[in-house]
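Enquirer: For the sequence shown, the positions run 76 to 330 when my numbering is used.
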Amino acid sequence: MASPTLLMRVVASAYSVAEKAATIVRNVMATGDLGIVEKVFLLLCSSSTSFIKIRVKPEITIICVKFLICCKLVCLLDHVTVLIGIAYGGKAIAGVINQPYYNYEAGANATLGRTIWGVLGLGAFGFQLTEAPAGKHIIVTTRSHSSALVNDCISAMNPDNVIRVGGAGNKIIQLIEGKASAYVYASPGCKKWDTCAPEAILHAVGGKITDIHGNSFQYNKEVKHMNSAGVLATLRNYDYYASRIPSTVKQSLVP
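1) Along the beta strand (DSSP E) that carries Ala-257, what are the first and last residues, could you check?
2) Report buried or exposed for His-212, applying the criterion of at least 16 other Cβ atoms within 10 angstroms of its Cβ.
3) Less than 7 angstroms separating the Cβ of Thr-217 from some heavy atom of the ligand SAM?
4) Kindly indicate which three-state DSSP category Cys-146 falls into: helix, strand or coil?
5) With a threshold of 7 angstroms on Cβ separation, who are the neighbours of Cys-152 within its own chain once the five nearest residues in sequence on each side are excluded?
6) How about the region 228-237 and the region 263-271: do they share at least three Cβ pairs that are nearer than 8 angstroms?
7) Within 10 angstroms of the Cβ of Lys-147, are there 16 or more other Cβ atoms? Answer buried if so, exposed if not.
8) Pick out whichever of Val-157, Gly-165, Gly-160 and Val-92 has its Cα sitting closest to the Cα of Gln-293.
9) What span of residues does the alpha helix (DSSP H) with Leu-391 cover, start to end?
10) How far does the beta strand (DSSP E) with Lys-283 in it reach, from first residue to last?
11) Contact between the region 194-208 and the region 317-324 is defined here as three or more beta-carbon pairs at a separation below 8 angstroms; is this criterion met?
12) Does the contact criterion of 3 or more C-beta pairs under 8 angstroms hold for the region 213-221 versus the region 179-188?
13) Look at the Cβ atom of Met-158, then the Cβ atom of Gly-282, and state whether they are nearer than 8 angstroms.
14) From what residue to what residue does the beta strand (DSSP E) around Val-225 run?
15) For the beta strand (DSSP E) that Gly-198 lies in, which residues bound it at each end?
16) Spatial neighbours of Asn-295 within its chain, please: CB distance less than 6 angstroms, with the 5 preceding and 5 following residues excluded, ordered by chain position.
17) What does the alpha-carbon distance come out to for the pair Gly-253 and Ser-230?
18) Under the three-state reduction of DSSP, which class applies to Thr-186: helix, strand or coil?
19) Would Ile-276 and Ile-172 qualify as a contact pair, given that the criterion is a beta-carbon distance under 8 angstroms?
20) Out of Val-240, Leu-81, Gly-305 and Leu-204, which one is the CA nearest neighbour of Asn-290?
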């Protein structure tokens, strides 16, 4: 079992690193030198995406990713996140999500950025936990990687509304702040460094995240990086959404 003292030291360091990374992100954006490459549908994404995996002890792995998401003509600054996930024994146990541009629409003098963090058994902090409206099925999903399979799965949820945003961390924030009921992504594409930190935070407040088949994600050096069977996450009512996934969708996604 991970030492609580060691874990909290690692989390504190991750928090500090995330805040520093956010400062770097804002500085890079301010210089205008983003190292931009063009992708499909005119989506622009930083070519400097970074992935770091550090093993503190044989059982403890820190998985972190920093990325910038920009889109068609304007930057969607609220989609930008810094993610640092901490896993123990293959399970996500703690995570940090920094939004460098949180509050950016509040005006020129607004204080930018916030850091959300969570630890299993302790809770999650840096935000106001809110549940989505009762009886509403509000789905959050990919903004830039939609497909017939993704849309078929969403339609099966009988959604009242569909929110399309960038960033796995940003999608989980939609859940824990009550803006969405479920994160549905019936496609390969996101990777372990996309889900580790968000998973820990979601689980710390009683939510659940799995692949489309209901399998938990594993985080260790042996597993493949790709979450090849998609993602299903909720703060509440996981069973409802899991039960609505069509068999044709499951057959198309191999764990």
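Beta carbons are placed, not taken as given, at the ideal position from N, Cα and C, and that holds for glycine. Note that the coordinates shown come from a computational prediction; the quantities given were computed from them, not determined experimentally.
Expert: To lay it out plainly:
1) 257-260
2) buried
3) Looking at this structure, you won't find the ligand SAM or any other ligand, since it has none at all.
4) Unreliable placement is indicated for Cys-146, whose pLDDT of 39 sits below 50; no coordinate value is reported for it.
5) With the sequence shown as reference, residue 152 is identified as Leu, and Cys is not the correct amino acid for it. Here the set comprises Tyr-176 and Tyr-179.
6) no
7) Only weak support is given to the placement of Lys-147: the predicted model assigns it a pLDDT of 40, under 50, and the question is left unresolved by the model.
8) Closest option to Gln-293, Cα to Cα, is Gly-165.
9) This structure cannot settle anything about residue 391, because the visible part of the chain is limited to 76 through 330.
10) 283-285
11) no
12) These segments do not touch.
13) The sequence given here has Leu at residue 158, not Met. Result no, Cβ atoms of Leu-158 and Gly-282 do not sit closer than 8 angstroms.
14) From DSSP, Val-225 is part of no beta strand (DSSP E) but of the alpha helix (DSSP H) over 223-231.
15) 198-200
16) Gly-165
17) 21 angstroms
18) Coil.
19) yes
20) Out of Val-240, Leu-81, Gly-305 and Leu-204, Gly-305 has the C-alpha closest to the C-alpha of Asn-290.
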